[in-house]
Amino acid sequence: MVDQIQQDLAVGHDAFTAIVESAVRRFRPITLTAAADVLALIPLAREVFRAPIALAMMGGVIAATMMTLTFLPALYALAFRVVVPKDRKGHTAAMPDIKATPALQVA
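Sequential numbering from 30 applies to the sequence shown in the numbering used here.
Here's what the structure looks like:
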């Protein structure tokens, strides 16, 4: 994921966009790889002697995947002091303009 962030930065994206787009782009490959690992350990988890290590490995892969998808982008943004860009009205880009949304206006 860090390599993908670096590639997006080299293309010319700002740091915040590069982090978000890289996390979205790498979500499926990371999740599918972790799922394949966990599914491959299921036969070992059914044996009496190897079940504890198989379950520990499955838990580790799941925990590492969640940390890769959530903690790694946040740590990267924290380490490089990435700020959320603001739009023209001064709002952060992640926050929608509530007044512009017709469904939320009160008559």
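Where a beta carbon is used, it is the ideal one built from N, C-alpha and C, also for glycine.
Among the options, which has the Cα closest to the Cα of residue i?
i      : options                      : result
Ile1   : Leu84, Val90, Ala106, Pro114 : Because the chain in this structure spans residues 30 to 136, residue 1 falls outside the shown range and cannot be described.
Ala63  : Thr97, Asp32, Ala74, Leu104  : Thr97
Ala106 : Val40, Gly41, Gln35, Phe45   : Phe45
Asp66  : Glu50, Val112, Ala92         : Ala92
Leu61  : Met95, Phe78, Val49          : Met95
Please go through the same chain and pick out, in chain order, the residues whose beta-carbon is closer than 7 Å to the beta-carbon of residue i, but skip the five residues on each side of it.
i     : result
Leu70 : Ala83, Met86, Met87
Ser51 : Met30, Gln33, Ile34, Asp37
Between which residues of its own chain and residue i is the CB-CB distance below 6 Å, once the five residues before and five after are set aside?
i     : result
Arg55 : Met30, Gln33
Ala47 : Ile34, Asp37, Leu38
Could you check if residue i is buried or exposed, using at least 16 other CB atoms within 10 Å of its CB as the buried criterion?
i      : result
Pro102 : buried
Quick one: what's got a C-beta closer than 8 Å to residue i's C-beta in the same chain, skipping five residues either side?
i      : result
Leu73  : Arg79, Ala80, Ile82, Ala83
Phe109 : Ala44
Val111 : Ala44, Phe45, Ile48, Tyr105
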